[in-house]
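Working notes, beginning with the structure itself.
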Amino acid sequence: MRVRLKGINRVKKRLANGSQVVYYYAWKGGPRLKGTPGSPEFIDSYNLALENRRVKPDGLLQSVLNKYLASPIFLGLADKTRRDYSRHIRAIEDDFGDFPIAALSDDQARGEFLEWRDKIGLKNPRQADYRFSVLARILSWAVDRGVAPANPCKNPGRLYHSERVDSVWTTQDEAAFYERAPKHLHLALMLALWTGQRQGDLLALTWAGYDGRRIRLRQKKTNRRVVIPVGAPLRRSLDALKSTVSSHISNASDLSSSTVLTTQKGKAWTEDGFRTSWSKACAKAGVADVTFHDLRGTAVTRLALAGCTSPEIATVTGHSLKDVNAILDAHYLSRDSQLAESAIKKLEKRVESPN
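Next up, the structure:
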């Protein structure tokens with residue numbers, strides 16, 4: 446006899462290799478179910494999820510996770526960040542939902558959590574760091590509100606280390622992209638290099654955010670407003686495109702709400718669609734080992750090489766001063782030969798013309 450389970454949330458997901466899988470959750474936002482639908486393992490995990498939901502495990506980590514998911518802090522996150530957090534929180538629930546809250550202050554708790562992170566890190570150190578940081582932030586939130594006695598996950602260090610100096614777009618990368626990539630993607634590259642904004646914010650930028658001199662937008666991730674003066678090369682490209690678009694759209698309000706970046710057919714991009722097209726364009730152009738996100742750091746680098754101060758760079762890109770300095774110090778400029786040459790030229794000038 447087939448057992449009908451109520452409220453099951455069925456979610457399709459496309460994997461990196463192109464295949465599609467289906468995940469089942471006890472309810473929307475609930476824990477992921479184990480086993481295949483209809484199997485004893487599947488039914489047992491469903492019943493356990495319902496039992497935990499009814500019992501309201503106030504003494505278990507699951508209750509902390511539930512409170513965080515309902516908090517203004519979580520609900521106020523950008524959509525993409527909230528989706529990423531939810532995915533990692535479900536994994537945390539599976540492994541530590543029944544962990545006693547009182548045991549968080551135990552000396553051995555930190556070791557147990559680090560062992561969990563390190564095990565994940567054997568396959569994917571970057572994912573391990575992210576998942577652990579999500580748990581650490583939740584526990585920090587819980588400690589501040591008196592929901593948890595301690596945070597054994599703070600300051601864990603990182604498993605994944607990236608030499609970001611090798612992940613900056615070179616002028617050769619830029620030239621190759623402009624030469625070989627489809628023309629409807631050229632403006633995306635130019636916008637990223639001249640503004641230092643994230644992919645999602647640039648895809649959402651509408652003509653209402655450009656007044657002929659400045660770009661105004663609110664960053665989704667930080668909710669920070671930025672106003673960016675538009676450099677002459679970018680302004681020429683934007684003005685030419687706006688003139689072309691205006692000739693096809695007579696209604697001013699329709700133009701204002703239209704996105705600046707569009708597909709070849711003039712439609713607004715989806716993030717997945719853009720990501721796929723961008724990857725193909727980079728492959729066609731022979732641009733390897735750099736991503737669209739690296740353009741954000743590349744913009745910081747180029748602004749610094751142009752002589753901009755950290756506050757000036759932060760005003761353009763929307764980074765905090767701390768983040769700008771961290772990028773310049775740790776990731777991008779530590780081995781930049783152009784910066785070294787500039788420094789020596791300044792020194793030579795100083796020596797040749799002493800005050």
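Quick note on the working numbering: the sequence shown kicks off at 446 and runs consecutively. C-beta: ideal position from N, C-alpha, C; glycine also. None of the values given here were measured: they were computed from a predicted structure.
Start and end residues, beta strand (DSSP E) containing TYR655: From DSSP, TYR655 is part of no beta strand (DSSP E); its letter is neither H nor E.
Tell me the rounded alpha-carbon separation between ARG609 and LEU630. Because the pLDDT of ARG609 is 48, which lies under 50, any placement of that residue in the model is unreliable, and the number read from its coordinates should be weighed accordingly. Answer to the nearest angstrom: the Cα atoms are 24 angstroms apart.
Does the structure place the segment 519-527 close enough to the segment 552-571 that three or more beta carbon pairs sit under 8 angstroms? no
Those residues which DSSP pairs with ARG590 across a bridge: Beta-bridge pairing links ARG590 to no other residue.
Quick check on DSSP: helix, strand or coil for ASN454? strand
Got a sec, what are the start and stop residues for the beta strand (DSSP E) ILE673 sits in? 670-674
Nearest by alpha-carbon distance to ASP539: which of LYS729, LEU506, THR704 and TYR513 is it? LEU506
Where do the ends of the alpha helix (DSSP H) carrying GLN664 lie? Unbroken run through GLN664: none, as it is neither H nor E.
Whole-angstrom distance between ALA744 and LEU638, CA atom to CA atom: 5 angstroms
Length of the line joining the Cα atoms of MET635 and LEU679: 7 angstroms
What are the start and end residues of the beta strand (DSSP E) that includes TYR470? 465-470
Whole runs of the alpha helix (DSSP H) within the segment 489-575, excluding any shorter than 4 residues: 506-514, 517-520, 524-541 and 554-566
Excluding the 5 residues flanking PRO643 on each side, which residues of the same chain have their C-beta closer than 8 angstroms to its C-beta? Just to set this straight, residue 643 is Arg in the shown sequence, not Pro. Hits under 8 angstroms: GLN664, LYS665, LYS666, HIS738 and ARG741.
Where does ALA733 fall in DSSP's three states? coil
Cβ neighbours of ARG670 in the same chain (closer than 6 angstroms, five flanking residues each side left out): ARG663
Within this structure, are the beta carbons of SER701 and THR651 separated by less than 8 angstroms? yes
Taking only three categories from DSSP, how would you classify ARG582? helix
Counted within 10 angstroms of its Cβ, other Cβ atoms place VAL705 as buried (16 or more) or exposed: buried
Which ranges would you report for the alpha helix (DSSP H) in the segment 747-772 if only whole runs of at least 4 residues count? 755-762 and 766-771
Between the segment 567-575 and the segment 611-629, do at least 3 Cβ pairs fall closer than 8 angstroms? no
Rounded straight-line distance, which links the Cα of PHE544 to that of LEU750: 51 angstroms
Run of the alpha helix (DSSP H) containing GLN617, from where it starts to where it stops: 616-625
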